[in-house]
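Novice: Take this structure, written in structure tokens, and hold onto it; I'll ask about it next.
Protein chains: 2
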Amino acid sequence: MMIENFQRELMRGSLDLIVLSVLADRSQYGYSIQKQIRDASADQVKLPAGTLYPLLHRLEDERLIRSRWEKSTGRPRKWYEITASGRKQLSAQAKQWQSYSQCVERLLTMVGLRTETA
Amino acid sequence: MMIENFQRELMRGSLDLIVLSVLADRSQYGYSIQKQIRDASADQVKLPAGTLYPLLHRLEDERLIRSRWEKSTGRPRKWYEITASGRKQLSAQAKQWQSYSQCVERLLTMVGLRTETA
DNA sequence: AACCTATATATCGGCATGCTATACATAGAC
DNA sequence: GTCTATGTATAGCATGCCGATATATAGGTT
Numbered sequence: 001m002m003i004e005n006f007q008r009e010l011m012r013g014s015l016d017l018i019v020l021s022v023l024a025d026r027s028q029y030g031y032s033i034q035k036q037i038r039d040a041s042a043d044q045v046k047l048p049a050g051t052l053y054p055l056l057h058r059l060e061d062e063r064l065i066r067s068r069w070e071k072s073t074g075r076p077r078k079w080y081e082i083t084a085s086g087r088k089q090l091s092a093q094a095k096q097w098q099s100y101s102q103c104v105e106r107l108l109t110m111v112g113l114r115t116e117t118a
Numbered sequence: 119m120m121i122e123n124f125q126r127e128l129m130r131g132s133l134d135l136i137v138l139s140v141l142a143d144r145s146q147y148g149y150s151i152q153k154q155i156r157d158a159s160a161d162q163v164k165l166p167a168g169t170l171y172p173l174l175h176r177l178e179d180e181r182l183i184r185s186r187w188e189k190s191t192g193r194p195r196k197w198y199e200i201t202a203s204g205r206k207q208l209s210a211q212a213k214q215w216q217s218y219s220q221c222v223e224r225l226l227t228m229v230g231l232r233t234e235t236a
């Protein structure tokens, strides 16, 4: 609605994809996922804790990721790793994302709004 | 959640952008917007009426588009055109979309999931 | 005339998702 | 001993999308 809020609205529906792809890279815990996404996006994508943790729980309920508490060393952390089923889902979602984003690009090109593709 | 439903979830947040870009191309009425998006996307993006009309009303409330009933010729139709403010918003949203989609692409590349860019 | 289909717009209720605020706890720095 | 960064969690709220449903018109068929 407001311009400043648009990117948040934009991310709806693709956060699963982002989190799964980060976990496909390497297993890690919630807080580090948050940081990796923030860093990898040059501070453009910031997942608030209130978004991230429920999302992780949802992904775990769907057996796309698996968790394990690590309480012995330092601060207690909950480590997540992607499952085989999660990788399958990620691959399917990535394909759909690309097909969809190409669609949008085509529409924007039509109106002459598309800039250079990286 | 389910793979078949993902693309719908994906579109969340970018439907405004899509509709605005179609209207930036040329003024038209709801039903034809629906068809143009369906055609332009090779049936990949189908906006149900229950999505499209409330969306148009919202955009009009925000003064991004403007409507006018045409009841004299044939079937009554409500024509929509984009406003100056709508074009400004479209341009800003398009930039954010591209910046965001490049972010996602980068994350997917990292995991080796990205295919060729068109 | 009666009927059917494609066109055309509209709204309601339900559902999923994301965010703010809040809470709680630990480790390390000062 | 206090402060800050780290680390996880949830309730409550807002938003947005969609299926179902309703209404109406134009044009074609029988």
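Order-wise, the sequence lines are chains F and R. In this text, residue positions in the first sequence follow this note's numbering: the first is 1, and each later residue adds one. In this text, residue positions in the second sequence follow this note's numbering: the first is 119, and each later residue adds one. Each residue gets a CB set at the ideal place from its N, CA and C atoms; glycine is no exception.
Please name the residue in F:W79, F:I65, F:R26 whose C-alpha comes closest to that of K71 (chain F).
Specialist: Looking at the Cα atoms, F:W79 is the closest of the given residues.
Novice: State yes or no: is the beta carbon of S101 (chain F) nearer than 7 angstroms to at least one beta carbon in chain R?
Specialist: yes
Novice: Compare the beta carbon distance of Y100 (chain F) and Q154 (chain R) with 7 angstroms and say whether it is the shorter of the two.
Specialist: no
Novice: Could you have a look at E9 (chain F) and say whether DSSP puts it in helix, strand or coil?
Specialist: DSSP places E9 (chain F) within a helical segment (H, G or I) once states are collapsed to three.
Novice: Quick one: measure Cβ to Cβ for Q28 (chain F) and L64 (chain F), integer angstroms, because I've assumed they're closer than 8 angstroms.
Specialist: Their Cβ separation, rounded to whole angstroms, is 15 angstroms, which puts Q28 (chain F) and L64 (chain F) out of contact at 8 angstroms.
Novice: Any idea what DSSP makes of R66 (chain F), helix, strand or coil?
Specialist: strand
Novice: Under the assumption that S21 (chain F) contacts L128 (chain R) (Cβ atoms under 8 angstroms), give the Cβ distance between them as a whole number of angstroms.
Specialist: Contact annotation, S21 (chain F) with L128 (chain R): C-beta distance approximately 14 angstroms; criterion of less than 8 angstroms not satisfied.
Novice: DSSP on R77 (chain F), reduced to helix/strand/coil?
Specialist: strand
Novice: Are the C-beta of L108 (chain F) and some C-beta of chain R separated by less than 7 angstroms?
Specialist: yes
Novice: Excluding the 5 residues preceding and the 5 following D134 (chain R) in the sequence, name in chain order all residues of the same chain whose CB lies nearer than 6 angstroms to its CB.
Specialist: none
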